[in-house]
């Protein structure tokens, strides 16, 4: 499932540097400085939504782009974590950082359980199995007591960070979200470029060969699945803080489809692709929100065209044109 | 008893839909994510034939699957056929996009409230069997689905055409070398699988409200059915479909809260014990 050819080629042309390449450092710095001024230019809640989805897509990309595993059920971790975080903040009275942590942990455990079952099948079956389990989580969220059924968990308090710093204001919350999402994305970057990440890519590109080299492939797959679910949960839990809401939308299969779309559009297997894809899709939804069902149709069209004509995605294309890994 | 019948009817839909998925998967090696949307289309086409053209249930039972099948053929020719050389997951993503488009279009023009479709006169009413009341139409669904499933099984396993099909599943290049037009066969197979979905849609139209979301949630359950059965055999898909429908019905009797998830739980158990599926070949 990968755009492996040009990647290996580029690795030959541009041998690996030690640590983060200068280009990536520069991009991350520019991005960070842009994000610091952003809330003073656009509506902070919109910016926070983009950042949450960027982290979600980046977590998903860890699994798809670097692990070669297409999960069609990532809404389960994203939405599941947002329910747990919302419940923790509202009913248990947790502080924001603790409720986000609770959400993340629950998504990680959920990912561990579902992942250990799902990795028993490969390829298309894997996609179907993850989708089916996510649907099970959806039904659970629909029926369980604490999730509030159709209403979801509403008016979740934003609380005080560490019990002292109030996060009720949008700007204060924005920087809380910025630290979490940016930190999460840097963590994902580190994972991809660690020895673990290299083994993952080897498994993605040639699984039998990785097995013959002595790697316990299933253990790696389960680890990447769990990590990806955990970071997706981090994104979902943060989103619950931002919107003060956890609802069925976040666990619905269309959410799983959306994150696939973001990753595909931005460029799977690239570092910055999911961020670009998430920004594009969220912006589109924002401006087309008044058109109702047209959003679904347009997303479908982007899906079809993306698969047929534009499989490398925006950043994938840039990366090829600039001959740099992005 | 009534719940068991309901289970059997759900099972009929599971069987016909997973059969269509299995037929398509056998030759194309893709999972047709738009299957649910095409099932919904079948119901809508029947509704449109009645309301715009005055064509009743019985002609629609033939016409609607043909129309839906034709759109499937167009889809295969225009889009899917370009993806066969790529990873099969792209086929899944493409059909997912198609499903979004179809659902979005119908939701846009017909809303989500659901449109009524009359049960045909011949099948209205019901029989009192003494221990329960059996609506004729529900009995008809079961009978019709058994006929369709058996017919498809017979065609694939017992006829010459089916033999070509099975051969092409095993080794398309070799079958092509014998002078059989494999690409056309693939196109027609996709059309046939989609037509099966359309037929299920027409069958469903009178008992479920015709609405744009009717296929979306159903298809995920059917995916689980397919994972449980494995897509190796036609008969496997049929048997698992009916069996799981019945189990779901039974669960609704004894533990109603669990009926929505019982199939997924069974899927988890099957994955633990026999990951390749009950009737599956190891892939």
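Chains as they are written, first to last, in the numbering used here: chain A, 1 to 326; chain B, 1001 to 1283. Even for Gly, the Cβ is constructed at its ideal location relative to N, Cα and C.
In angstroms, rounded to a whole number, what distance separates the CA positions of residue i and residue j?
i, j, result
"residue 1103 of chain B", "residue 184 of chain A", "35 angstroms"
"residue 1110 of chain B", "residue 293 of chain A", "11 angstroms"
"residue 1028 of chain B", "residue 286 of chain A", "38 angstroms"
"residue 1203 of chain B", "residue 1108 of chain B", "24 angstroms"
"residue 1266 of chain B", "residue 1209 of chain B", "28 angstroms"
"residue 1165 of chain B", "residue 187 of chain A", "50 angstroms"
"residue 51 of chain A", "residue 1232 of chain B", "43 angstroms"
"residue 1038 of chain B", "residue 113 of chain A", "33 angstroms"
"residue 1175 of chain B", "residue 1148 of chain B", "27 angstroms"
"residue 328 of chain A", "residue 206 of chain A", "Coverage of chain A is limited to positions 1 through 326, which leaves residue 328 of chain A absent and any answer about it impossible."
"residue 87 of chain A", "residue 96 of chain A", "11 angstroms"
"residue 1070 of chain B", "residue 1197 of chain B", "12 angstroms"
"residue 1023 of chain B", "residue 122 of chain A", "20 angstroms"
"residue 1106 of chain B", "residue 1178 of chain B", "43 angstroms"
"residue 1283 of chain B", "residue 1096 of chain B", "Residue confidence for residue 1283 of chain B is low, a pLDDT of 44 falling below 50, so the modelled location carries little weight and cannot support an answer."
"residue 1113 of chain B", "residue 1207 of chain B", "15 angstroms"
"residue 1010 of chain B", "residue 111 of chain A", "30 angstroms"
"residue 1278 of chain B", "residue 1248 of chain B", "18 angstroms"
"residue 144 of chain A", "residue 1015 of chain B", "30 angstroms"
"residue 1153 of chain B", "residue 21 of chain A", "59 angstroms"
"residue 76 of chain A", "residue 1160 of chain B", "46 angstroms"
"residue 1143 of chain B", "residue 1237 of chain B", "17 angstroms"
"residue 1214 of chain B", "residue 1036 of chain B", "8 angstroms"
"residue 223 of chain A", "residue 274 of chain A", "21 angstroms"
"residue 1169 of chain B", "residue 1019 of chain B", "15 angstroms"
"residue 1212 of chain B", "residue 1003 of chain B", "26 angstroms"
"residue 1188 of chain B", "residue 1162 of chain B", "12 angstroms"
Could you check whether residue j and residue i sit closer than 7 angstroms to each other, using their CB atoms as the reference points?
i, j, result
"residue 1012 of chain B", "residue 1141 of chain B", "yes"
"residue 1094 of chain B", "residue 307 of chain A", "yes"
"residue 238 of chain A", "residue 177 of chain A", "yes"
"residue 270 of chain A", "residue 316 of chain A", "yes"
"residue 156 of chain A", "residue 244 of chain A", "yes"
"residue 257 of chain A", "residue 313 of chain A", "no"
"residue 1227 of chain B", "residue 1021 of chain B", "no"
"residue 1060 of chain B", "residue 1049 of chain B", "yes"
"residue 81 of chain A", "residue 99 of chain A", "no"
"residue 174 of chain A", "residue 48 of chain A", "yes"
"residue 68 of chain A", "residue 209 of chain A", "no"
"residue 1224 of chain B", "residue 1263 of chain B", "yes"
"residue 1047 of chain B", "residue 1137 of chain B", "no"
"residue 130 of chain A", "residue 71 of chain A", "yes"
"residue 300 of chain A", "residue 103 of chain A", "no"
"residue 1234 of chain B", "residue 1156 of chain B", "yes"
"residue 201 of chain A", "residue 119 of chain A", "no"
"residue 1030 of chain B", "residue 1045 of chain B", "no"
"residue 1288 of chain B", "residue 135 of chain A", "With chain B represented from 1001 up to 1283, any question about residue 1288 of chain B goes unanswered, as that position is not in the structure."
In terms of residues, what are the limits of the beta strand (DSSP E) holding residue i?
i, result
"residue 1134 of chain B", "1133-1135"
"residue 1128 of chain B", "1126-1128"
At what residues does the alpha helix (DSSP H) containing residue i begin and finish?
i, result
"residue 128 of chain A", "123-143"
"residue 207 of chain A", "207-212"
"residue 190 of chain A", "170-192"
"residue 1047 of chain B", "1035-1053"
"residue 285 of chain A", "273-288"
"residue 1013 of chain B", "1002-1028"
"residue 316 of chain A", "313-322"
"residue 1184 of chain B", "1182-1204"
"residue 97 of chain A", "96-118"
"residue 25 of chain A", "22-37"
"residue 1254 of chain B", "1234-1254"
"residue 153 of chain A", "Run containing residue 153 of chain A: none; DSSP gives neither H nor E here."
"residue 83 of chain A", "75-90"
"residue 44 of chain A", "44-61"
"residue 266 of chain A", "253-266"
"residue 1267 of chain B", "1262-1273"
"residue 1220 of chain B", "1214-1229"
"residue 157 of chain A", "Neither: residue 157 of chain A is in no alpha helix (DSSP H) and is coded neither H nor E."
"residue 1169 of chain B", "1160-1170"
Would you call the region 51-64 of chain A and the region 122-140 of chain A in contact, with 3 or more CB pairs under 8 angstroms?
-> no
Between the region 83-95 of chain A and the region 211-222 of chain A, are three or more C-beta pairs nearer than 8 angstroms?
-> no
Could you tell me whether the region 1240-1251 of chain B touches the region 1074-1089 of chain B, where touching means 3 or more Cβ pairs closer than 8 angstroms?
-> no
For the 8 angstroms Cβ check, are there 3 or more pairs between the region 23-33 of chain A and the region 221-228 of chain A?
-> Too few Cβ pairs lie closer than 8 angstroms, so no.
Secondary structure, beta strand (DSSP E): runs of 3+ residues fully inside the region 218-243 of chain A | none
Is the region 1059-1073 of chain B close to the region 1121-1139 of chain B, with three or more CB pairs under 8 angstroms?
-> no
Can you give, in chain order, each stretch of the alpha helix (DSSP H) that sits fully within the region 1050-1116 of chain B and has at least 4 residues?
-> Every unbroken stretch of the alpha helix (DSSP H) spanning 4 or more residues and falling wholly within the region 1050-1116 of chain B is given here in chain order: 1057-1078 and 1088-1110.
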